[in-house]
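Take a look at the structure below.
Number of protein chains: 2
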Amino acid sequence: MLHVTEEPSAEADVIVVGAGLAGLTATRELKDAGWTVKTLEARERVGGRLKGLDLGNGKAVDLGGEYFGDKSTMIAETAKSVGITGFRSYDEGERLTFVNGRRHAYSGLFPWRMGPAAIADLGQAILKIERLAKQVPPDGPWNAPNAEKLDSQTLWSWMQRNVTTATARAFITMMIEAAFCTRPSDVSLMHVLYYANASGGFRYLLEVSGGIQRYRFDGGAHSIPKRLAAKLPDEVRTGAPVRRIEQRSDSVVVSGPGFEYRGRWVVVAIPVTLAGRIDYAPALPGYRDQFTQRLPAGSAMKCLAVYDEPFWRADGLSGQITSSDGPFRVAFDTSPADGSPGVMSAFVTGSAARKLTRLTPAERRTAVLDGLVAGLGPKAGKPREFVEQNWLDEEFTRGCYHGWGPPGLYTAFGPALREPIGRIHWAGTESGVHQMGSMGGAVDSGRRVARELFARAAEERGEESKPDTTITEAVGRGR
Amino acid sequence: MLHVTEEPSAEADVIVVGAGLAGLTATRELKDAGWTVKTLEARERVGGRLKGLDLGNGKAVDLGGEYFGDKSTMIAETAKSVGITGFRSYDEGERLTFVNGRRHAYSGLFPWRMGPAAIADLGQAILKIERLAKQVPPDGPWNAPNAEKLDSQTLWSWMQRNVTTATARAFITMMIEAAFCTRPSDVSLMHVLYYANASGGFRYLLEVSGGIQRYRFDGGAHSIPKRLAAKLPDEVRTGAPVRRIEQRSDSVVVSGPGFEYRGRWVVVAIPVTLAGRIDYAPALPGYRDQFTQRLPAGSAMKCLAVYDEPFWRADGLSGQITSSDGPFRVAFDTSPADGSPGVMSAFVTGSAARKLTRLTPAERRTAVLDGLVAGLGPKAGKPREFVEQNWLDEEFTRGCYHGWGPPGLYTAFGPALREPIGRIHWAGTESGVHQMGSMGGAVDSGRRVARELFARAAEERGEESKPDTTITEAVGRGR
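Taken in sequence, the protein lines are chains S and U. The letter at position 174 of the first sequence is residue 174 when you use this note's numbering, and the numbering goes up by one with no holes. Take any residue in the second sequence, count from 1 to its spot, add 1000: that is its number in this note's numbering.
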């Protein structure tokens, strides 16, 4: 893996923009098929929305993407292929939730002590969402039977009609902000259903042991792209923010400050909103450009507090805290597998992120630690280390966990998500099918673009290309 | 006015990015106060969303912004200051509307023959919108009393509850697509109210003689920026797409391919979505960046058919055609003041634009002419010239008429609309108050940034700066 200044120009069959999971997966697939590839990464590190925090003593935790579940087959496969396995998330003891100012300790999925009316309301709402979600195909949500209706309203509007108690509304809002990093008032009902279905179900999305938070990766999820990149030393080039993509009749020229790479095709494997900022020549057609104007990234920061030990476990607490109006929407015990040191990760998402990003780092630290103290007691206020990862501020990410559709996006512009433009192919988790928006979606999209390019090459050679059945396979496996 | 290659570097007090109405207004205001200014325009022409079509014989019509009304005081003032006056839009004869496949000829605002139930429904809905709009302050819609509620739903959701007949729904959808270039399902209820109030009222927005379509400019609206620029030969530089803005402790460096300008401050006066694509160093704070991810431009094309004469007038037709499901949402007689030649302008907006932009220019021409024939008869199918202006495809605009807020934007990120970031100030019609989103908003924003800079300079000199009262003035004048 070289810095781009060591190789300011090169030629390859394919130039890949971005060395996150999507770009690295595409790179590996293409290389394995004997193609030449050069992968340009803006940062000095690979991994995109997967990023590590070194704890010393050979231990590390995640400042970005972290969890996976039994249905997360693609990322588990990828991890295994580079020798990384998972371990169970810590999920013992009582959970805490702060809803509309009240603290509830509970076990199981729901805080039953919120009251029977709220719980019944919550239960029926989750069931309804679950049922609706099954109607939205992850490979083309715009093809859902009621697409126009599902995409014409916000989740907030749906909740106005389908959730009656204030407590259940607050609880769902909190869960949505934790899972989608945006408010029910911003996001299309269709997007919520689409994402839930692509992930393996709405309830699956919310659960820890029974859901997508069941496992974490030994050494951290960020070590997956690191190991992938380590096997691609001739391909990956860091410090290379791509600013311009020029398409010629038989080639592409991909360039940025001080570098210029040439290929037959280019794969753009960065978040949609960032893909929209590259200077394309010729300019992108309006349909794709307007699509990129409309798929923003979620608002998320992750704040890690490191303690000598996970003291809350001895107090009978799981470390899982949700909060409808505090400085974070959810916090988890993310200590290494052996429980040493103790690490709490607070997810400052949605409205909380939009508020806290306007404060100073010191003010944010105080706010987040106050929130942890409210749940875990005064010891939580004195971590030996506090690290914040503000994904909104990260120039080469600009939001987490994933991009989402405001009302109307998918029905008006959906096909732009994956349709190649000339010699440009699009990857990135937002264009994935299996677990779109998470690590699995990134892997899926990387595999897909490789297949697209194999088919193009076959076509150029005059061969009949096989139909692309893998999207269906992916959906089948994802559910 | 030089091409930037003739002056590849320069210094000035202020560098202005964009020579549309906003940038040119700021330039003039600053220059008049004795400041030095350099204004960098990406294109070879000035005017941004105002663009002309030369008809020969010294006549020209508009391919972009065109109309104004009695409340459009700021653009009228600006036009007058460069010797341009208005004339009455052609508004005689019958109007036509195609709603849900049925053709109605009518006079007055509403096609009464749509039936009494639909008309009553339409009337009450417009009244309700009008009343709600008054609650949304154009200088800060997020400060409206029911801001959260108004911004948490699409206009579609509001219509589900407040408009009962299919015909009225189709009619309103058509009017929204014509006025906002997006569907009721995409746009925040708040945005519709905000824009309506900033414009002078919802009904005012829809009317011709009694509304914002009352007048057109002699020689075309596009001649206003042309004349403004002609008076700024030392300031305006064309062919200069700004790619990077670097802020230093006491200066800014604004650069693009082959040029580098230096100033004390910079005014970015381009559409919000394009402002988000510049490479800022240091990177913009997440709050502003995420704002730019969420304010897309409308979808609009304008197609002009030129005939020897406006033959429809002799047939007793006004040339005004609206259509709920045809290739355009509205068409107007936009012949020059003396009625020669005859010009029809078809506004392909919202869902129509998203559909037609995926066709070839030849297919679009056929579709639009077919629509005109359905209204005006077979003669409409044989124009002597047909010109399409696809604003989605324009690299340095990327949508018309203006940027709009999806649900949640203004309540979560609204203040980012105008808050300066270090030495960067923001202009452009989307940040205007008086008639935000139209020509008036551009002028207003240009004046505002000039005042912001005067206040900063006064502060630097140790003077107490006067409070900025002009926003209130503008709102007062706008209504």
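All C-beta atoms, glycine included, are put in the ideal place defined by N, C-alpha and C.
Where Arg-1102(U) falls, given that 16 or more other Cβ within 10 Å makes a residue buried: exposed
Beta-carbon gap between Gly-1239(U) and Ser-1251(U) smaller than 8 Å: no
Minimum Cβ-Cβ distance from Trp-1426(U) to chain S less than 8 Å: False, the Cβ-Cβ gap to chain S never drops below 8 Å.
Among Leu-417(S), Gln-160(S), Gln-124(S), the one whose alpha carbon lies nearest that of Met-436(S): Leu-417(S)
CA nearest to the CA of Arg-1248(U), picked from Ala-1281(U), Leu-1232(U), Phe-1217(U): Distance check between Arg-1248(U) and each of Ala-1281(U), Leu-1232(U), Phe-1217(U) places Ala-1281(U) closest, using alpha-carbon atoms only.
Cα-Cα separation, Met-174(S) to Met-190(S): 18 Å
Ser-324(S) vs Phe-180(S) beta-carbon contact at 8 Å: Their beta carbons are not under 8 Å apart, which means Ser-324(S) does not touch Phe-180(S) by this criterion.
Beta-carbon proximity of Cys-1400(U) to Gly-1064(U), cut-off 8 Å: yes
Simplified DSSP state of Met-1001(U), which is helix, strand or coil: coil
Cross-strand partners of Ala-297(S) (DSSP beta bridge): DSSP, once it has assigned bridges, lists Gly-403(S) as partnering Ala-297(S).
Cβ-Cβ distance between Arg-1183(U) and Gly-1350(U) below 8 Å: yes
Nearest-angstrom Cα separation, counted from Phe-1396(U) out to Gln-1293(U): 17 Å
Residue-level contact to chain U via CB, Tyr-287(S), 8 Å cutoff: Residue contact check for Tyr-287(S) against chain U: a CB pair falls below 8 Å.
Straight-line Cα distance separating Arg-1277(U) from Gln-160(S): 36 Å
Own chain residues within Cβ distance below 6 Å of His-1425(U), not counting five before or after: Val-1267, Val-1449, Glu-1452
8 Å Cβ shell around Ile-1084(U) - same chain, five flanking residues per side excluded: Contacts found: Phe-1217, Asp-1218, Gly-1219, Ser-1223, Ile-1224, Arg-1227.
Rounded separation between Ala-1374(U) and Ser-1345(U) - CA only: 15 Å
Length at least 3, wholly inside the segment 1036-1086 of chain U: the beta strand (DSSP E) runs in chain order: List check, beta strand (DSSP E) in window: 1037-1040, 1052-1056, 1059-1062.
Chain-ordered chain S contacts of Trp-1156(U) [CB-CB under 8 Å]: Chain S residues near Trp-1156(U): Ser-152, Gln-153, Pro-407.
Cβ pair Ala-442(S), Ala-79(S) closer than 8 Å: no
Cα-Cα separation between Arg-354(S) and Gln-389(S), rounded to whole angstroms: Cα to Cα, Arg-354(S) sits roughly 14 Å from Gln-389(S).
Contact with chain U by Leu-356(S), beta-carbon distance below 8 Å: no
Beta-carbon proximity of Ser-1438(U) to Ala-1427(U), cut-off 8 Å: no
Exposed unless 16 or more other CB atoms sit within 10 angstroms - verdict on Gly-123(S): exposed
Buried versus exposed, by CB contacts within 10 Å (16 or more), Lys-1031(U): By the 10 Å Cβ count, Lys-1031(U) comes out buried.
Where the beta strand (DSSP E) through Gly-263(S) begins and ends: 259-268
Spatial distance of Asp-186(S) from Glu-1148(U) (CA atoms): 11 Å
Contact belief for Arg-1384(U) with Asp-1308(U) at Cβ below 8 Å, rounded distance in angstroms: 6 Å
Test: Arg-1243(U) CB closer than 8 Å to a CB of chain S: True, the Cβ-Cβ gap to chain S drops below 8 Å.
Element boundaries [alpha helix (DSSP H), containing Met-175(S)]: Note, Met-175(S): alpha helix (DSSP H), 166-180.
Proximal residues to Ala-12(S) (C-beta, below 6 Å), its chain only, five neighbours per side dropped: Thr-36, Val-37, Lys-38, Gly-263
For Leu-96(S), the three-state DSSP class (helix, strand or coil): strand
Neighbour flag for Ala-297(S) against chain U, beta carbons, 8 Å: yes
Span separating the alpha-carbon of Arg-1088(U) from that of Lys-1302(U): 20 Å
Run of the beta strand (DSSP E) containing Glu-388(S), from where it starts to where it stops: 385-390
Opposing strand residues paired with Tyr-307(S) [DSSP bridges]: Gly-342(S)
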